[in-house]
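Heads up: the sequence shown is residues 295 to 456, going by my numbering. Each residue gets a CB set at the ideal place from its N, CA and C atoms; glycine is no exception.
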Amino acid sequence: MKKLITIAAVAIIGALLAIVLIPDNKPTPAFSLSDLQGKPVSNADLQGKVSFINFWFPSCPGCVSEMPKVIKMSRDYQGKDFQVLGIAQPIDPLESVNQYVKEYGLPFTVMFDADKAAAQAFGTQVYPTSFLINKKGEILKTFVGEPDFAALYQEIDKELAK
């Protein structure tokens with residue numbers, strides 16, 4: 295029984311690492327949302343830029359924990375062919391999202407996924423979940439939970455150099 299539990303644990307850990315570490319290289323799913331100012335944003339806006347799409351909500355402890363690093367990353371790459379897109383989930387109301395964005399001065403585009411259509415299109419079930427997208431609009435990496443930002447910066451730099 296102990297051996298079976300060990301094998302199951304190793305299999306689960308391996309599957310989770312595969313989700314986080316194995317490159318995806320598949321097209322970004324179609325999505326269309328409006329940002330908090332009402333401007334339409336879709337997967338067509340990903341073309342020609344390296345993008346980091348972050349699914350989050352204000353009362354999510356992991357989301358709040360990583361947000362200062364996401365904000366810093368957005369500022370560090372400002373003026374380059376890089377963008378951060380935040381897709382807030384309706385676990386919290388829109389008013390809470392607007393308040394959070396204003397209070398913390400999020401310097402990137404934030405959208406509200408009212409019906410969770412974008413989260414479903416991306417297969418997102420756990421928060422935070424983020425996706426690194428190349429200039430062709432293909433998913434390079436999926437991060438469930440907070441990414442290793444040092445490694446993420448290396449990936450972004452590599453993609454920007456292409």
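Whole-angstrom distance between residue j and residue i, CA atom to CA atom
i      : j      : result
Glu453 : Gln419 : 27 angstroms
Asp375 : Phe402 : 13 angstroms
Gly391 : Asp409 : It is worth fixing the name first, because residue 391 is Val in this sequence and not Gly. Taking the straight line joining both Cα atoms gives about 15 angstroms.
Ser353 : Lys430 : 33 angstroms
Ile347 : Lys333 : 17 angstroms
Spatial neighbours of residue i in its chain, beta-carbon cut-off 7 angstroms, leaving aside the 5 residues before and after
i      : result
Ala412 : Phe325, Leu327, Ile381
Val395 : Leu330, Val404
Phe351 : Cys357, Ala382, Gln383, Ile385, Asp386, Tyr421
Neighbour-count burial assignment, residue i, 16 or more Cβ in a 10 Å radius
i      : result
Asn428 : buried
Leu388 : exposed
Glu397 : exposed
Asp451 : exposed
Nearest-angstrom beta carbon gap, residue j and residue i [assumed within contact, 8 angstroms]
i      : j      : result
Glu440 : Pro321 : About 25 angstroms separates the two Cβ atoms, so there is no contact after all.
Span of the alpha helix (DSSP H), counted from its first residue to its last, around residue i
i      : result
Pro362 : 355-370
Gln393 : 388-398
Boundaries (first-last residue) of the beta strand (DSSP E) holding residue i
i      : result
Val438 : 432-438
Ala444 : Note, Ala444: premise wrong, no beta strand (DSSP E); alpha helix (DSSP H) at 443-454.
Contacts around residue i, its chain only, beta-carbon distance under 8 angstroms, and the 5 residues preceding and following it disregarded
i      : result
Gln341 : Lys429, Lys430, Gly431
Other residues of its chain near residue i: CB distance less than 6 angstroms, five sequence neighbours each side excluded
i      : result
Pro323 : Ala415, Phe416
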